[in-house]
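Engineer: Heads up: the protein sequence lines correspond to chains A and B, in order. All residue numbers for the first sequence refer to numbering that gives the first Met the number 0, where the first residue is 0 and numbers rise by one. All residue numbers for the second sequence refer to numbering that gives the first Met the number 0, where the first residue is 0 and numbers rise by one. Every residue, glycine too, gets a C-beta built ideally from N, C-alpha and C.
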Amino acid sequence: MQPATEGGVRRAMPLRPALEVLVRLRKQQVVVTTMGAAREWPRLSDHPLDFHYLPSSMGQAPLIGLGLAMARPEREVIVLNGDGCMLMNLGALATIAACGAANYTLLVLENGVFEVTGGQRTAAPPELDFAALARAAGIRSAAAFDDLSTWQAHAADVLALPGPRFIVLRVQTVSDYQLPSPPPMQQRLKRFCRALEEAPVA
Amino acid sequence: MLTGHEAAAACVSLGVTHVVWVPDSTLGQWEAALTAEPRLRLVRVCREGEAWALAAGLYLGGKQPLVAMQSTGLFESGDALRNVLFDWGLPLWAMIGYRSYLAVESADTARRFTEPILSAWGLEWLLLDTPGGAAKMVAHLQAARAAQRPGVVLLAEGKG
């Protein structure tokens, strides 16, 4: 599904309800979050298999998740990435396709701005189509949603497509740019790695 | 300094599971040996920053990756390196092709900046500048593992 426009403005869904769809469907998947998603997701979820990629290296969250998926093929991995981060590392789409991790989903929250730095526009032109880029890179299971009810209706089906999967959610910007202060990294890594070992797979 | 078979054998003896790389003309000669070794998976990435992040994910998932790239890729990937080695404290391993090291008269600035950059990151390295360095490489990375610190091997390149 391609983004539609309403009065010349691209349609977008509110971020929090969009993520709540994923929260409801989430079972024992690893969820890697970065940037804006790392701000919002902890408000909705406190799961030992949540890994908030902070402090981060911008653009690298999809690769962190890919490494986890390759190391743990028995466990699903979902990466919540921003569009600014995705633009910074578009080559990752080719790497993801080539590695072919069937247990991997990359979800891009597209709002057209660098939200955590105050909402400056990214370099992307309005017509940029991330899902088409992913398909062109070789990720066959790729979809985009700009309407909450459509995302709610199709999310489970899209997440069940053969992996690797690529999902774009066109979301509205939010005014609260503050990132939470996460616990110390070593503490988070310890909890996360323990959960990787101990949490049930399904 | 190392043949592909020597490098593959050294990786196996170290328990390396994945080599995550962007090859240069020296490391690239190892491709056939690395892909022929069933205990290794060669992971090709598009740019060097990806290599550190992907290796970090593998490491957190219980694997033992080795990142391989040229010194120019080390320069390119500094922020990704900073993040996983220092923010996270992961003791990852790297094989860095030291471009133009053997070309003493070379004006290639990649030669000039390689060691200062590693020093700036506070990374200790082993320089392999003579043939048959596999045993040294294994010992260096085993010591890094024992100390739970990153291990870097510089592979001398260029025509002497």
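Would you kindly work out how many angstroms separate the C-alpha atoms of residue 138 of chain A and residue 96 of chain A, rounded to a whole number?
Structural biologist: Taking the straight line joining both Cα atoms gives about 5 Å.
Engineer: By alpha-carbon positions, which one of B/34, B/81, B/94 and B/130 ends up nearest to residue 69 of chain B?
Structural biologist: Residue 69 of chain B has its Cα closest to that of B/94, out of B/34, B/81, B/94 and B/130.
Engineer: Quick one: residues in its chain with C-beta nearer than 8 Å to the C-beta of residue 112 of chain A, no 5 flanking neighbours on either side, listed in chain order?
Structural biologist: Within the same chain, residue 112 of chain A has close Cβ partners 83, 118, 119, 120, 121 and 172.
Engineer: Alpha carbon to alpha carbon, how far is residue 136 of chain A from residue 93 of chain A? Give it in angstroms, no decimals.
Structural biologist: So the alpha carbons of these two residues sit roughly 5 Å apart.
Engineer: Taking 8 Å as the cut-off, does the segment 57 to 73 of chain A touch the segment 100 to 112 of chain A (at least 3 CB pairs, one atom from each stretch)?
Structural biologist: The segment 100 to 112 of chain A vs the segment 57 to 73 of chain A: in contact.
Engineer: Candidates A/126, A/190 and A/187: which alpha carbon is nearest residue 169 of chain A's?
Structural biologist: The option with the nearest alpha carbon to residue 169 of chain A is A/126.
Engineer: Would the beta-carbon of residue 28 of chain A fall within 8 Å of that of residue 63 of chain A?
Structural biologist: Cβ atoms of residue 28 of chain A and residue 63 of chain A: not closer than 8 Å.
Engineer: Kindly provide the ranges of any alpha helix (DSSP H) runs that are 4 or more residues long and lie completely inside the segment 29 to 96 of chain A, ordered along the chain.
Structural biologist: Entirely contained in the segment 29 to 96 of chain A, the alpha helix (DSSP H) runs reaching 4 residues are, in chain order, 34 to 43, 60 to 70 and 82 to 87.
Engineer: I'd like to know whether the C-beta atoms of residue 39 of chain B and residue 66 of chain B end up nearer to each other than 8 Å.
Structural biologist: Going by C-beta atoms, residue 39 of chain B is not nearer than 8 Å to residue 66 of chain B.
Engineer: Write down the C-beta distance between residue 117 of chain B and residue 155 of chain B rounded to the nearest angstrom, noting that I regard them as a contact closer than 8 Å.
Structural biologist: No, residue 117 of chain B and residue 155 of chain B are not in contact; Cβ-Cβ is about 14 Å, not under 8 Å.
Engineer: Which whole-angstrom value is the C-beta distance of residue 167 of chain A and residue 115 of chain A, which I expect to be below 8 Å?
Structural biologist: Actually they are not in contact, since the Cβ atoms of residue 167 of chain A and residue 115 of chain A sit about 19 Å apart, beyond 8 Å.
Engineer: Three or more C-beta pairs closer than 8 Å, one from the segment 2 to 9 of chain B and one from the segment 26 to 40 of chain B: is that the case here?
Structural biologist: Touching, per the Cβ criterion.
Engineer: Which same chain residues, not among the five before or five after residue 88 of chain A, have their C-beta less than 6 Å away from its C-beta?
Structural biologist: Hits under 6 Å: 58.
Engineer: Would you mind reading off the limits of the alpha helix (DSSP H) that contains residue 112 of chain B?
Structural biologist: Unbroken alpha helix (DSSP H) run through residue 112 of chain B: 108 to 120.
Engineer: Got a sec: which bits of the segment 54 to 67 of chain B sit with their beta carbon under 8 Å from any beta carbon on chain A, in order along the chain?
Structural biologist: Those residues of the segment 54 to 67 of chain B that come within reach of chain A (Cβ to Cβ, closer than 8 Å) are 54, 55, 56, 57, 58, 59, 60, 61, 62 and 64.
Engineer: Of all the CB atoms in chain B, is at least one closer than 8 Å to the CB of residue 86 of chain A?
Structural biologist: Closer than 8 Å: no.
Engineer: Quick check: the Cα distance between residue 61 of chain A and residue 80 of chain A, rounded to an integer number of angstroms?
Structural biologist: Cα to Cα, the separation comes out at about 7 Å.
Engineer: Given a cut-off of 8 Å on the beta-carbon distance, is the pair residue 91 of chain B and residue 52 of chain B in contact?
Structural biologist: No. Outside cutoff.
Engineer: Give me whichever residues DSSP pairs with residue 17 of chain B in a beta bridge.
Structural biologist: According to DSSP, residue 17 of chain B bridges with B/40 and B/64.
Engineer: Give me the DSSP bridge partner(s) of residue 75 of chain B.
Structural biologist: Partner(s): none; residue 75 of chain B has no beta bridge.
Engineer: Look at the Cβ atom of residue 155 of chain A, then the Cβ atom of residue 67 of chain A, and state whether they are nearer than 8 Å.
Structural biologist: No. Outside cutoff.
Engineer: Show which residues of chain A have a CB atom less than 7 Å away from the CB atom of residue 43 of chain B.
Structural biologist: Those within 7 Å of residue 43 of chain B in chain A are 97.
Engineer: Does the beta-carbon of residue 62 of chain B have 16 or more other beta-carbons within 10 angstroms, so that it is buried, or is it exposed?
Structural biologist: The residue is buried, with at least 16 neighbouring Cβ atoms inside 10 Å.
Engineer: Compile a chain-ordered list of the residues in the segment 56 to 74 of chain A whose CB is closer than 9 Å to at least one CB of chain B.
Structural biologist: Listed by position along the chain: 56, 57, 58, 59, 60, 61, 62, 63, 64, 65, 66, 67, 68, 69, 70, 71 and 74.
Engineer: Applying a beta-carbon distance threshold of less than 7 Å, which residues of chain B neighbour residue 94 of chain A?
Structural biologist: Within chain B, the residues near residue 94 of chain A are 44, 45 and 49.
Engineer: Let me make sure I understand the geometry here. Which of B/120, B/97, B/41 and B/143 has the alpha-carbon closest to that of residue 129 of chain B?
Structural biologist: When each option's Cα is compared against that of residue 129 of chain B, the closest is B/97.
Engineer: Give the interface partners of residue 54 of chain A over in chain B, defined as CB-CB distance under 8 Å, in chain order.
Structural biologist: Ordered by position in chain B, the residues that pass the 8 Å Cβ test against residue 54 of chain A are 82 and 86.
Engineer: Taking 8 Å as the threshold (C-beta atoms), are residue 190 of chain A and residue 47 of chain A in contact?
Structural biologist: Contact flag set, yes.
Engineer: Quick check on residue 148 of chain A: does DSSP put it in helix, strand or coil?
Structural biologist: Helix.
Engineer: What is the DSSP secondary structure of residue 0 of chain A, reduced to helix, strand or coil?
Structural biologist: Residue confidence is low: residue 0 of chain A scores 45 on pLDDT, short of 50, so the model does not pin down where it sits. No coordinate-derived value is stated.
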